[in-house]
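Accompanying notes for the structure given below.
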Amino acid sequence: MAGHSKWANIQHRKGRQDKIRAKVFSKMSKEITVAAKMGEPDPDKNPRLRLAIKEAKSVSVPKDVIDRAIKKSQAGDGEDYEEIRYEGYGPNGVAVIVEAMTDNRNRTASTVRSTFTKNGGNLGETGSVGFMFDRKGEITYPASVGDADTVMMAAIEAG
Numbered sequence: 031m032a033g034h035s036k037w038a039n040i041q042h043r044k045g046r047q048d049k050i051r052a053k054v055f056s057k058m059s060k061e062i063t064v065a066a067k068m069g070e071p072d073p074d075k076n077p078r079l080r081l082a083i084k085e086a087k088s089v090s091v092p093k094d095v096i097d098r099a100i101k102k103s104q105a106g107d108g109e110d111y112e113e114i115r116y117e118g119y120g121p122n123g124v125a126v127i128v129e130a131m132t133d134n135r136n137r138t139a140s141t142v143r144s145t146f147t148k149n150g151g152n153l154g155e156t157g158s159v160g161f162m163f164d165r166k167g168e169i170t171y172p173a174s175v176g177d178a179d180t181v182m183m184a185a186i187e188a189g
């Protein structure tokens, strides 16, 4: 009997969807791991971890993946992600700062340089554009205050 196999179609579609979900889950897991390493592994005491978990839940990351990422940060072995900063100029001389999280500085530098080049810019030296920007600060708050939007509105109103 000639024809199509419904399962074959489902299998191909599901494979593509699962690949996309795995990429998102991996990205969220890395963010949670770094946030937990930089501060406390308790979301109530670590606002960055709390935000990372909230973002992960918004894209339906399973709880066991979140818990594994937090445990991985405390284990001390395995991959060690670090935040790195690249500076450069985009098209028309626009100053750009790229903050990236990586476990391999050389690979990330190559990727960032390639992206700058493909889009008509160039990667600069450290400090080449950083002086043009000011890091204003970091807002921390307890979970009992409310969600991020409530805190942001209060901060904006306060100036």
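In terms of the working numbering, the sequence shown opens at residue 31 and continues consecutively. Backbone N, C-alpha and C fix where the C-beta goes; we use that ideal spot for every residue, glycine too.
Here Met162 is not near Val64, since their CB atoms are 7 Å or more apart. At a cut-off of 4 residues, the continuous stretches assigned as alpha helix (DSSP H) that sit fully inside the segment 79 to 124 are 93 to 105. In chain order, Asn149, Gly150, Gly151 place their CB closer than 8 Å to the CB of Pro121, counting only its own chain and leaving out the 5 sequence neighbours on each side. Minimum Cα-Cα distance from Gly157 among the listed residues Arg115, Met182, Ser35, Phe146 corresponds to Arg115.
Excluding the 5 residues flanking it on each side, Val142 has same chain C-beta neighbours closer than 6 Å at Tyr116, Val128, in chain order. Two segments are said to touch when three or more pairs of C-beta atoms, one from each, lie closer than 8 Å; by this definition the segment 49 to 65 touches the segment 89 to 106.
Between the C-alpha atoms of Glu187 and Thr180 there is a straight-line separation of about 11 Å. Per DSSP, reduced to three states, the secondary structure at Glu129 is strand.
Judged by their CB atoms, Ala125 and Val91 are not nearer to each other than the 7 Å cut-off.
Boundaries cannot be given for Asp164, as no alpha helix (DSSP H) includes it and DSSP labels it neither H nor E. Counting only residues of its own chain and dropping the five nearest sequence neighbours on each side, Arg78 has a CB closer than 8 Å to the CB of Ala65, Met68, Gly69.
The straight-line gap separating the alpha-carbon atoms of Ala184 and Glu113 is approximately 29 Å.
In terms of Cβ geometry, Pro71 and Ile100 form a close pair [threshold 7 Å]. When the five nearest sequence neighbours on each side are left out, the beta carbons in the same chain lying within less than 7 Å of the beta carbon of Arg135 are those of Ile114, in order along the chain. Judged by DSSP in its simplified three-state form, Asn136 adopts helix.
Taking the CA atoms as reference points, Lys84 sits about 18 Å from Ser103.
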